[in-house]
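Trainee:
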Amino acid sequence: MHTPTSYEKTKPFANALARLLEQQHPELVVSDMKKALRVGKVLVDWSQNDEHKTTVSVYSLRARERPTVSTPVTWEEVERVLTKKDPNLVVFEADDVLKRADKMGDVFEPVLMLKQKLPELADMLAAGGVGEEEKLEIAAHAEARAQQMSRKVERRGPPPQEASPKRSKPAMKRAARPRSAKTAATPVKKKRKV
92 MHTPTSYEKT KPFANALARL LEQQHPELVV SDMKKALRVG KVLVDWSQND
142 EHKTTVSVYS LRARERPTVS TPVTWEEVER VLTKKDPNLV VFEADDVLKR
192 ADKMGDVFEP VLMLKQKLPE LADMLAAGGV GEEEKLEIAA HAEARAQQMS
242 RKVERRGPPP QEASPKRSKP AMKRAARPRS AKTAATPVKK KRKV
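The opening residue of the sequence shown carries number 92 in our numbering; numbering runs sequentially from there.
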């Protein structure tokens, strides 16, 4: 957004937007984290709007056996996925992303340059064609959920600062040893004493 705002404003806004989208497109969108409800739908995860939450940044490698890259996509690519019903069209590995950047440039760059203000919740709901009664219900629910989530975080406290664990010299040598992409995502198995 590149303009001043706070989690106290973004969380209820994101929750209300998620509920609005879910209400308008119940066959496509869900705002509840329950896995059973999410099958075949897009989860609008409004709860990530919190200072104590983490999310992977663009162009980050995922630590998996096949290390894919968190890659921004264009609307045309989204349309192609929908048309061909093939989500693998937007799954990229490191080499793919480098070739793509050479060809297309950084498709995320406009997001970094764009300055925008968060609309008022009521304006956003009105633009979505929501009536006064629904508007009040969605806004009240969004505010209540945001407060509930904030209280959970307050009870837990901020995430602990990562302390550097004490390691034995062999463990330090193993950690310093370069690993292939396949083994980088695979946990090291301990040897059993015989």
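C-beta atoms are modelled at their ideal positions from N, C-alpha and C, and glycine is treated no differently.
Keep in mind the model is a prediction, meaning the values are calculated, not measured.
1. Let's test the definition: count the other Cβ atoms within 10 Å of the Cβ of Glu211 and tell me whether it reaches 16, buried, or not, exposed.
2. Can you tell me whether Val135 is helix, strand or coil according to DSSP?
3. Under 8 Å, with one C-beta from each stretch per pair, do the region 161-178 and the region 133-145 reach the 3-pair mark?
4. Closer than 7 Å by C-beta to Ala109: which residues in its own chain qualify, once you throw out the five before and the five after it? Chain order, please.
5. Have a look at the DSSP bridge pairing and note the partners of Thr162.
6. From what residue to what residue does the alpha helix (DSSP H) around Pro201 run?
7. Assuming Glu168 contacts Val181 (C-beta within less than 8 Å), just tell me the rounded distance between them.
8. Whole angstroms is fine: what's the gap from Lys190's alpha carbon to Pro158's?
9. Return helix, strand or coil for Leu209, following the three-state DSSP convention.
10. Leaving out five residues on either side along the sequence, give the residues of the same chain with a beta carbon under 6 Å from the beta carbon of His93.
11. Starting from the C-beta of Arg171, find all residues in its chain whose C-beta is less than 7 Å away, skip the five residues before and the five after it, and write them out in chain order.
12. Counting only the same chain and skipping the five closest in sequence on each side, list residues whose C-beta sits under 7 Å from that of Leu119.
13. In three-state terms, what does DSSP make of Glu142?
14. If the criterion is Cβ atoms closer than 9 Å, does the pair Thr96 and Lys208 meet it?
Mentor: Concretely, from the data shown:
1. exposed
2. coil
3. no
4. Ser122, Val135, Trp137
5. Answer is none; Thr162 lacks a bridge partner.
6. 200-204
7. 6 Å
8. 16 Å
9. coil
10. Lys206
11. Leu180
12. Lys132, Val133
13. coil
14. yes
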